[in-house]
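Engineer: Line order of the protein sequences matches chains A and B.
Numbering that gives the first Met the number 0 numbers the first residue of the first sequence as 0 and each following residue consecutively.
Numbering that gives the first Met the number 0 numbers the first residue of the second sequence as 0 and each following residue consecutively.
This is the structure, below, for whatever I ask next.
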Amino acid sequence: MFESIKIWKQQGGQTIPDVTAVTLPEIFRGRPTIKAEACVSGCTACIDVCPVAAITQSASSTISLDLGACVFCGECADACPTEKIAFTNDYKTATSTREALIMREGDVGPVVFDADAVRKEIAAYFGGSLKLRQVSAAGCNSCELELNACGNVNFDMGRFGIEFVASPRHADGIVITGPISLNMSAANDICYDAVPDPRIVILSGACAITGGIFQRSTELQRAFVERHHIDLYVPGCPPHPLTFINGVLQLIRTRKS
Amino acid sequence: MLSFSNLDVISLDAIPVLSYGTFLTTVLDHMKANDARHCVNYMGYRLPNGDLECFCVLADDSTSQLFVARYHLAASGTMALPSLSAHYRAFHIFERVLWENHGVQFTDHPWLKPVRYPHDAAHGATIDSYPFFRIEGGEVHEVGVGPIHAGVIKPGHFRFQCTGEDVVHLEIKLGYQHRGIERLMVHPSTMLQRTVLAESIAGDTTIGHTWAFVNAMQALMRGTVSDAVEIERAIALELERIAIHIGDLSALNLDVAYQLGSAVLGALRTPMINFFQWWCGNRFGKGLLRVGQNRSSLTPALQDQLVETLDDMERRYRPIADTMFELPSVLARFERTGIVTTEQAHIIGAVGMAARSSGLRRDVRRSHPHGVYRAEDVQTHVLHSGDVMARTYLRKLEIDASITYIRILLDRLRTASRDNGTLEDRPVRELAPRSMVVSMVEGWRGELVHTSITDEHGALVHHSVKDPSMHNWFALALSLRGNEISDFPICNKSYDLSYCGHDL
Chain A
0 MFESIKIWKQ QGGQTIPDVT AVTLPEIFRG RPTIKAEACV SGCTACIDVC
50 PVAAITQSAS STISLDLGAC VFCGECADAC PTEKIAFTND YKTATSTREA
100 LIMREGDVGP VVFDADAVRK EIAAYFGGSL KLRQVSAAGC NSCELELNAC
150 GNVNFDMGRF GIEFVASPRH ADGIVITGPI SLNMSAANDI CYDAVPDPRI
200 VILSGACAIT GGIFQRSTEL QRAFVERHHI DLYVPGCPPH PLTFINGVLQ
250 LIRTRKS
Chain B
0 MLSFSNLDVI SLDAIPVLSY GTFLTTVLDH MKANDARHCV NYMGYRLPNG
50 DLECFCVLAD DSTSQLFVAR YHLAASGTMA LPSLSAHYRA FHIFERVLWE
100 NHGVQFTDHP WLKPVRYPHD AAHGATIDSY PFFRIEGGEV HEVGVGPIHA
150 GVIKPGHFRF QCTGEDVVHL EIKLGYQHRG IERLMVHPST MLQRTVLAES
200 IAGDTTIGHT WAFVNAMQAL MRGTVSDAVE IERAIALELE RIAIHIGDLS
250 ALNLDVAYQL GSAVLGALRT PMINFFQWWC GNRFGKGLLR VGQNRSSLTP
300 ALQDQLVETL DDMERRYRPI ADTMFELPSV LARFERTGIV TTEQAHIIGA
350 VGMAARSSGL RRDVRRSHPH GVYRAEDVQT HVLHSGDVMA RTYLRKLEID
400 ASITYIRILL DRLRTASRDN GTLEDRPVRE LAPRSMVVSM VEGWRGELVH
450 TSITDEHGAL VHHSVKDPSM HNWFALALSL RGNEISDFPI CNKSYDLSYC
500 GHDL
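Spelled out as structure tokens, the structure:
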């Protein structure tokens, strides 16, 4: 027993005291910014290099970047001749609407979290406790490992009453990772149906939100995403545990007046 | 069969096209030659005229040789063939995939069942119609689990046939994670798209799979990277090994209710993957390896930080690693549970950790060394008991070996050349036409094999990915025989196999 106490003492405090105020290393690729300045005439370097077609150009030649598809590889920032695109270390990129994931020229502030888009019952029912069932619908295991990390002693999501549970019957919602393969779509539907109302849906990772690098695959069945209201989008490849935890906290703590 | 080595680019024309009958006897003769030979890949793809071209690659671990043979099946000809699996069971998974993807009927295959259920499978079956093996009898009962499991893990279905508490047989049905990786690889794509795809084959093996992929591409480009880039990649691979092994030790402790071990080891994984974040901006090393370069180099400041991270990790890791293997409550669960014998491991063609914990010395870093591994200074451990204890203790030994090896690599990195690579200035070039390369890397689970084939224009026409899990899932099934279902979690975690690496 004394040996155990020694080990316990030796580890010291491992828990991040305030998960909303952590500064990640500068090199961490979080929320990108796009400067509001004209591109080099005719240049499409960022669009050409992007592996997931996340960057598009409008008729007025301004560019936008969809965090729902972005795998945060950072190659667009390297390809841009004028450093117009840059990645910041801001990890608070989870949001309540699909539209808010589109980064446009001149967007330099945090990702907008639209409180009006959050259903009223969420804070009322889940503000102090949220049990989630995770469904890996062809996730590559990096999203899943990061969701597991949310509950470890470092991030300790459990202190906010947020936990993953084994049965969908005990859950208040589902968290989908992966691009939703044809072969997992039925199981995913059954799992969602087994969660009692009111229930929430969280899409975690680029694959879940848009298909990510698998957008062109013939082996997906993404009808679920079209059919159901999505309460939270968590971008990333994979999303950092802090991105997930901050997003969920914002979702369940948003109280409408 | 044509003899070559890991990462050799061979001309397709140098590989004789055999009739299937000759192919069969040639492969069987080569397998018979010695016990160190096993099949590392056997796959096929459609030629533009609709014919099926199949390649079989064997490895001889005692001589570092690879062997390849091929045959053609005319689109209009017979698809009914005698199988290799009837002679060597380890071929079963490859022949099942050939049947599933291309309709080849292996008439005497002992276990011709679907593998991944692609949407256009030649057998026409869907994933809810898998033909499970069943044992009939009054005492027999069946337990089905999955595809969704009681945790944040990937999906698969496990079907146990039990008498009383004893598991007689476990059948593992996968395919839920099938995303069409091999098809996407040959879809018109940029090199970056393919590299990001390689990073997503199995997120827990990001470095391993991406390294195997970029090595294959670099070889086909007839280019090299500098010594420093190569050493950095080897360091990244060992960091990945340490991080996952520590995470698995934590999970194994959780499954036997040793809470302190689970919590401490769970926390110790964090500095390892956080180091990746300091190095390249992503906790899994995504975005680090690219064809011809590493996007972030391990600067002297980062090298110092890595030494400090390892020192601190070791200080906190040693006491808990020693304690967990002294606790009767832990050992009672691990020892003599889920045994796979050396003979069984050999029959199923087990690789990597699963092989090494059952007495088979299989480690690509030593048996088929490329680049940095030619110095032969990485240590491989082999245990013989084949139980959960062996697979758990092997992780501890491998964590120690990886720490030692990273320190050796850091020493070499300090004096390594940063500018003797030929791809530095122009990292993406044309691929050699009508060529084939087999790229092998020893990921933390074992042998990762990427096989690329190009056409006469240098376009990638086939890219086959083989995760060690392809062989090793069968080891998990065997380890359950004669055990209780209640021991399934620790048997499963002692392998920690990849669902998505298998399903592709």
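Just so it is clear, CB atoms sit at the ideal spot from N, CA and C, and this is done for glycine as well.
A quick note: this is a predicted structure, and the numbers were derived from the prediction, not measured.
Residue 12/A lies in the alpha helix (DSSP H); which residues open and close that run?
Structural biologist: One-based indexing of the first sequence puts residue 12/A at position 13. Looking at the DSSP string, residue 12/A is not in any alpha helix (DSSP H), and its letter there is neither H nor E.
Engineer: Using a Cβ-Cβ distance under 8 Å, would residue 138/A count as near chain B?
Structural biologist: Your numbering for residue 138/A matches position 139 in the first sequence. Interface residue, yes.
Engineer: Which complete alpha helix (DSSP H) runs does the segment 69-123 of chain B hold, if anything under 4 residues is left out?
Structural biologist: Within the segment 69-123 of chain B, the complete alpha helix (DSSP H) runs of at least 4 residues are 91-101.
Engineer: Should residue 158/A be flagged as near chain E, meaning a C-beta pair shorter than 8 Å?
Structural biologist: This model lacks chain E altogether; the protein chains it does include are A and B.
Engineer: Look at the Cβ atom of residue 234/A, then the Cβ atom of residue 145/A, and state whether they are nearer than 8 Å.
Structural biologist: The residue you call residue 234/A lines up with position 235 of the first sequence. The residue you call residue 145/A lines up with position 146 of the first sequence. No. Outside cutoff.
Engineer: Roughly how many angstroms separate the alpha carbons of residue 2/A and residue 8/A, rounded to a whole number?
Structural biologist: On the first sequence, position 3 is the one that residue 2/A refers to. On the first sequence, position 9 is the one that residue 8/A refers to. For residue 2/A and residue 8/A, the distance between alpha carbons rounds to 10 Å.
Engineer: Would you list the one or two residues that DSSP bridges to residue 165/B?
Structural biologist: Here residue 165/B corresponds to residue number 166 of the second sequence, with the count starting at 1. BP columns for residue 165/B point to 162/B and 483/B.
Engineer: Between which two residues does the alpha helix (DSSP H) holding residue 247/A run?
Structural biologist: Translated into positions along the first sequence, residue 247/A becomes position 248. Residue 247/A -> alpha helix (DSSP H) spans 240-252.
Engineer: If you drop the 5 nearest sequence neighbours on each side, which residues of the same chain put their C-beta closer than 7 Å to that of residue 282/B?
Structural biologist: Counting from one through the second sequence, the residue named residue 282/B turns up at place 283. Excluding residues within five positions, the ones whose Cβ falls inside 7 Å are 272, 273, 275 and 276.
Engineer: Taking C-beta pairs closer than 9 Å, name the residues in chain A that residue 445/B reaches, listed in chain order.
Structural biologist: Taking the first residue of the second sequence as 1, we reach residue 445/B at position 446. By Cβ distance, chain A contributes nothing, its closest Cβ being about 16 Å from residue 445/B, past 9 Å.
Engineer: Can you confirm whether residue 16/B, when its beta carbon is compared against all beta carbons of chain A, has any partner nearer than 8 Å?
Structural biologist: Taking the second sequence and counting its residues from 1, one reaches residue 16/B at position 17. Output row for residue 16/B: interface = no.
Engineer: With three or more beta-carbon pairs closer than 8 Å as the criterion, would you say the segment 284-291 of chain B touches the segment 213-228 of chain B?
Structural biologist: Touching, yes, given that three or more Cβ pairs across the two stretches are closer than 8 Å.
Engineer: Three or more C-beta pairs under 8 Å: does that hold for the segment 449-460 of chain B against the segment 472-480 of chain B?
Structural biologist: No, the segment 449-460 of chain B does not touch the segment 472-480 of chain B.
Engineer: To which residues of the same chain is residue 315/B closer than 7 Å at the C-beta, ignoring the five residues directly before and after it?
Structural biologist: On the second sequence, position 316 is the one that residue 315/B refers to. If we look at residue 315/B and ignore the five residues flanking it on each side, its Cβ neighbours are 267.
Engineer: What are the start and end residues of the beta strand (DSSP E) that includes residue 52/B?
Structural biologist: Residue numbering aside, residue 52/B sits at position 53 when the second sequence is read from its first letter. 51-59 is the span of the beta strand (DSSP E), which, as asked, contains residue 52/B.
Engineer: If you count every other CB in all the chains shown that lies within 10 Å of the CB of residue 5/A, and 16 or more means buried, which is it?
Structural biologist: Locating residue 5/A in the first sequence gives position 6, counting from the first residue. Looking at its Cβ environment, which holds fewer than 16 other Cβ atoms inside 10 Å, residue 5/A is exposed.
Engineer: Can you find a C-beta in chain B that's less than 8 Å from the C-beta of residue 6/A?
Structural biologist: Position 7 of the first sequence holds residue 6/A. Yes, residue 6/A lies at the interface with chain B (some Cβ there is under 8 Å from its Cβ).
Engineer: Given residue 53/A, which residues of its chain have a CB within under 7 Å of its CB, disregarding the five upstream and five downstream residues?
Structural biologist: Within the first sequence, numbered from 1, the residue matching residue 53/A stands at position 54. Excluding positions up to five away in sequence, the list reads 64, 65, 68 and 69.
Engineer: Please state whether DSSP places residue 71/A in a helix, a strand or coil.
Structural biologist: For the purposes of this step, residue 71/A is identified with residue 72 of the first sequence, where counting begins at 1. Residue state, collapsed to three classes: coil.
Engineer: How many Å lie between residue 80/A and residue 493/B at the Cα?
Structural biologist: By 1-based counting over the first sequence, the position of residue 80/A is 81. By 1-based counting over the second sequence, the position of residue 493/B is 494. Looking at the two C-alpha atoms, the distance is approximately 49 Å.
Engineer: Return the bridge partner residues of residue 31/A from the DSSP annotation.
Structural biologist: Sequence index remark: in the first sequence, residue 31/A carries index 32 (1-based). Bridge partners of residue 31/A: 86/A.
Engineer: Counting only runs of 4+ residues fully inside the segment 132-202 of chain B, write out the alpha helix (DSSP H) ranges in chain order.
Structural biologist: Correct list: 180-185 and 190-198.
Engineer: So residue 355/B packs on residue 381/B, CB below 8 Å; how close in whole Å?
Structural biologist: If you number the second sequence from 1, residue 355/B lands on position 356. If you number the second sequence from 1, residue 381/B lands on position 382. At roughly 5 Å, the Cβ-Cβ gap stays under 8 Å, so residue 355/B and residue 381/B are in contact.
Engineer: Ordered along the chain, which non-local residues of its own chain (more than five positions away) have a Cβ less than 8 Å from that of residue 33/B?
Structural biologist: To locate residue 33/B, count along the second sequence from 1; it is residue 34. Closer than 8 Å at Cβ, skipping near neighbours: 59 and 61.
Engineer: Decide if the segment 430-441 of chain B is in contact with the segment 194-202 of chain B; the criterion is three or more beta carbon pairs, one per stretch, under 8 Å apart.
Structural biologist: The segment 430-441 of chain B, when compared against the segment 194-202 of chain B, does not touch it at the 8 Å Cβ threshold.
Engineer: Could you please give me the residues that DSSP links to residue 36/B through a beta bridge?
Structural biologist: Translated into the one-based positions of the second sequence, residue 36/B becomes position 37. Beta-bridge pairing links residue 36/B to 59/B.
Engineer: If you follow the alpha helix (DSSP H) that residue 132/A is in, where does it begin and where does it stop?
Structural biologist: As a working note, residue 132/A is residue 133 in the first sequence. Unbroken run through residue 132/A is the beta strand (DSSP E), 129-135; no alpha helix (DSSP H).
Engineer: Please say whether residue 39/B and residue 448/B have beta carbons closer to each other than 8 Å?
Structural biologist: Counting from 1 along the second sequence, the entry for residue 448/B is found at position 449. Counting from 1 along the second sequence, the entry for residue 39/B is found at position 40. Yes, these two residues count as a Cβ contact at 8 Å.
Engineer: Quick check: what's the CA-CA separation for residue 209/A versus residue 88/A?
Structural biologist: One-based indexing of the first sequence puts residue 209/A at position 210. One-based indexing of the first sequence puts residue 88/A at position 89. So the two alpha carbons sit approximately 23 Å from each other.
Engineer: I need the DSSP call for residue 204/B, collapsed to helix, strand or coil.
Structural biologist: Residue mapping note: residue 204/B aligns to position 205 of the second sequence, counting from 1. Correct three-state label for residue 204/B: helix.
Engineer: Less than 8 Å between the beta carbons of residue 201/A and residue 224/A, yes or no?
Structural biologist: Indexing the first sequence from 1 puts residue 201/A at position 202. Indexing the first sequence from 1 puts residue 224/A at position 225. In this structure, residue 224/A does not lie closer than 8 Å to residue 201/A by Cβ.
Engineer: Look at the Cβ atom of residue 416/B, then the Cβ atom of residue 227/B, and state whether they are nearer than 8 Å.
Structural biologist: Against the second sequence, residue 416/B aligns to sequence position 417. Against the second sequence, residue 227/B aligns to sequence position 228. A contact, by the Cβ cut-off of 8 Å.
Engineer: Quick check on the DSSP output: what are the complete alpha helix (DSSP H) runs of length 4 or more inside the segment 315-345 of chain B, in order along the chain?
Structural biologist: Qualifying alpha helix (DSSP H) stretches, in chain order: 327-333.
Engineer: Using a Cβ-Cβ distance cut-off of 8 Å, determine whether residue 212/B contacts chain A.
Structural biologist: Here the question's residue 212/B lines up with position 213 in the second sequence. No, its Cβ sits nowhere closer than 8 Å to a Cβ of chain A.
Engineer: Using a Cβ cut-off of 7 Å, pull out every chain A residue sitting near residue 373/B, in sequence order please.
Structural biologist: Reading the second sequence from its first residue, position 374 is the one you call residue 373/B. Near residue 373/B there are no residues of chain A at all, since even the closest Cβ is about 31 Å away, more than 7 Å.
Engineer: Which stretch, first to last residue, makes up the alpha helix (DSSP H) that contains residue 125/A?
Structural biologist: For the purposes of this step, residue 125/A is identified with residue 126 of the first sequence, where counting begins at 1. Looking at the DSSP string, the run of the alpha helix (DSSP H) that includes residue 125/A is 119-125.
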